[in-house]
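Trainee: Pasting a structure here, questions to come.
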Amino acid sequence: MNRSTEDELQATITDMVVPCKGILAADESTPTIAKRFAAIGATSTVELQRAYRSLLFTTPGIEKFISGAILFEDTLEQIADDGTPLPEVLVRKGIVPGVKVDKGKIPLANAFGDEITQGLDGLAERLRIYKVQGARFAKWREVYSISEQNPTILGIEANAEMLARYAAVCQEEGFVPIVEPEVLIDGNHTLERCFEVTEAVIHAVFQALHRHRVIMEYTVLKPSMVLPGKEHPVKASPEQVAAATIKVLRRTVPAAVPSINFLSGGQLPEEATANLNAINILFPNAPWALSFSYARALQQPALKAWAGKAENGFAAQQVFYHRAQLNGWASCGKYNSELEK
Ligand code: 13P
């Protein structure tokens, strides 16, 4: 890798990884945002998507808690209500724009129950266009369901290989890759089963990253937390989630990785915040930053307050600001549930 690409990657890491700040994931694909809008009784149109993301990004003061935002590729071309391109709105606040570059998942052949994400073909060319549009980092998600048989060894290996190939192309093009292996919360599995799967998954991901010569110093990991399945009768406390999550990360993630930004994965907003806070309290001297890259846990309350109506914009921004602030505090272990009020 040449010197100027390394400098570019380091500058992006420096701007993204800031104490007590995290990443806003606002990269819902067209079908996913339609699902989120349907839940608040709104019909998804391109204009409504633009208006909603404009509302989020122009919320005054969020830059105190948010250092990066992941956009869906269409959003890179959209403008705020005042005509400013949306990536530029972020840049002016010191928030680094990034882009989701995967093309969604399909079943993985010969690994029943496992899936694999598509989108490698033409990735370098697409990244060059996204760069002109203002993006400096990228995101790719692989998904692992837990069942008695899944994920299979084949699934774990194939998905790791995909993440590594994506990350290598990103770095070559001067993009910091966010590597997202998501172990799903769906099911009735125990926390111990989630631990076992997450350890195998992240271990394979870092082996593959190493094999593809991905530079750890310019890579961000976006994992799921170690949790019992949504249908499991016993809930885990933030302290239990934190202890299990940290144990897996200590076993699998090189110290050279600058930041680990968790996804929320269907946890309630308050749970995602409390768990992140417990992680930081339990492990204050971790070699990596431990922060958030939430979509649902950051947006859900604001989405509800907005309900697709322009007249609710101000109220929605206040709710969004509050959630961003609470997560900012959690990312340095300074949150407590009293602050929810
Ligand atoms: P959630 O925080 O809603 O899990 O979304 C994170 C994300 O980026 C999914 O790819």
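Read in the working numbering, the sequence shown has 1368 at position 258, and its numbers run on one by one without any break. Every residue gets a Cβ at the ideal spot worked out from N, C-alpha and C, and that includes glycine.
Given that a residue counts as buried once 16 or more other Cβ atoms are within 10 Å of its Cβ, and exposed if not, what is T1124?
Mentor: Locating residue 1124 in the sequence shown gives position 14, where the first residue counts as 1. Flag for T1124 reads exposed.
Trainee: Would you kindly work out how many angstroms separate the C-alpha atoms of N1446 and E1381, rounded to a whole number?
Mentor: As a first step, residue 1446 must be located in the sequence shown, where it is residue number 336. As a first step, residue 1381 must be located in the sequence shown, where it is residue number 271. The straight-line gap from Cα to Cα measures roughly 11 Å.
Trainee: Using the three-state DSSP reduction, which class does P1457 fall into: helix, strand or coil?
Mentor: For residue 1457 there is no data in the structure shown, the boundaries of the chain being 1111 and 1451.
Trainee: How is E1290 classed by DSSP in three states: helix, strand or coil?
Mentor: Here residue 1290 refers to the residue found at position 180 of the sequence shown. Reduced to three states, the DSSP call for E1290 is strand.
Trainee: Residues in its own chain within less than 7 Å of G1443 by CB, not counting five upstream and five downstream?
Mentor: Mapped onto the sequence shown, residue 1443 falls at position 333. Excluding positions up to five away in sequence, the list reads N1387, N1390, I1391, P1394.
Trainee: Any chance the CB of A1412 is under 6 Å from a heavy atom of the ligand 13P?
Mentor: Taking the first residue of the sequence shown as 1, we reach residue 1412 at position 302. A1412 Cβ: outside cutoff for every heavy atom of the ligand 13P.
Trainee: Of all the options P1364, E1349, R1406, which has the alpha carbon lying nearest to the alpha carbon of G1376?
Mentor: Working through the sequence shown from its first residue, we reach residue 1376 at position 266. It is R1406.
Trainee: Compute the minimum distance between the beta carbon of G1204 and the heavy atoms of the ligand 13P, and state whether it is under 6 Å.
Mentor: Counting from 1 along the sequence shown, the entry for residue 1204 is found at position 94. No, the ligand 13P has no heavy atom inside 6 Å of this Cβ.
Trainee: From E1306, S1347, F1372, G1339, pick the residue whose C-alpha is nearest to that of V1358; which is it?
Mentor: Here residue 1358 refers to the residue found at position 248 when the sequence shown is read from its first residue. Selected option, being the one with the closest Cα: E1306.
Trainee: Could you check whether the Cβ of A1352 sits closer than 6 Å to any heavy atom belonging to the ligand 13P?
Mentor: In the sequence shown, the residue the question calls residue 1352 occupies position 242. Not under cutoff, so the answer is no.
Trainee: Please enumerate, following chain order, all residues with a beta carbon closer than 5 Å to at least one heavy atom belonging to the ligand 13P.
Mentor: A1135, R1251, L1373, S1374, G1375, Y1404, A1405, R1406
Trainee: Closer than 8 Å is the cut-off here; do at least three beta carbon pairs connect the region 1419–1429 with the region 1363–1375?
Mentor: no
Trainee: Report back the beta-carbon spacing between T1362 and H1313 to the nearest angstrom; my notes put them in contact at under 8 Å.
Mentor: The count along the sequence shown starts at 1 and reaches residue 1362 at position 252. The count along the sequence shown starts at 1 and reaches residue 1313 at position 203. Yes, they are in contact, since the Cβ atoms of T1362 and H1313 sit about 5 Å apart, within 8 Å.
Trainee: Let me make sure I understand the geometry here. Which of I1325, L1196, E1252, P1197 has the alpha-carbon closest to that of P1291?
Mentor: Residue 1291 sits at position 181 when you count from the first residue of the sequence shown. Nearest C-alpha to P1291: E1252.
Trainee: Given a cut-off of 7 Å on the beta-carbon distance, is the pair G1297 and G1339 in contact?
Mentor: Residue 1297 sits at position 187 when you count from the first residue of the sequence shown. Residue 1339 sits at position 229 when you count from the first residue of the sequence shown. Cβ distance < 7 Å, so G1297 and G1339 count as in contact.
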